[in-house]
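I have placed the structure first, in the form of structure tokens, so that the comments after it can refer back to it.
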Amino acid sequence: MNIPMAKAKAQLSELVKRAQAGEKIHLTKHGEVVATLSAPIRPGGSKGLFGALKGQIWIADDFDELGPEWDEYTK
2 MNIPMAKAKA QLSELVKRAQ AGEKIHLTKH GEVVATLSAP IRPGGSKGLF GALKGQIWIA
62 DDFDELGPEW DEYTK
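Numbering (our numbering), first residue to last: 2 to 76.
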């Protein structure tokens with residue numbers, strides 16, 4: 002949904018409720034989209050960035066060891 006900034010100022014509370022319900026609301030100025038209201042990226046207390054992949058990825062023990070094909074570059 003596109004809505005002009007002037008109209009959005011008068012209806013901000015209603016627009017925020019609609020965005021929380023999952024609707025994307027594009028705020029426009031002179032016909033161009035200048036901002037978007039949308040639902041939160043992390044709803045309901047989901048994990049933040051740090052630790053979000055704990056237990057889902059692993060790094061090999063030899064991750065930082067170079068193979069023989071790199072010998073000429075490391076001398």
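From the three backbone atoms N, C-alpha and C, an ideal C-beta is built for every residue, glycine too.
Since we're looking at a predicted model, the values are computed, not measured.
Our two residues, Ile-4 and Asp-62, have alpha carbons roughly 54 Å apart in a direct line. For Glu-15, the enclosing alpha helix (DSSP H) begins and ends at 13–21. For Glu-33, the enclosing beta strand (DSSP E) starts and ends at 33–38. As a beta-bridge residue in DSSP terms, Pro-5 pairs with Thr-29.
The three-state secondary structure of Pro-69, taken from DSSP, is helix.
Here the C-alpha atom of Phe-64 lies approximately 17 Å from the C-alpha atom of Gln-57.
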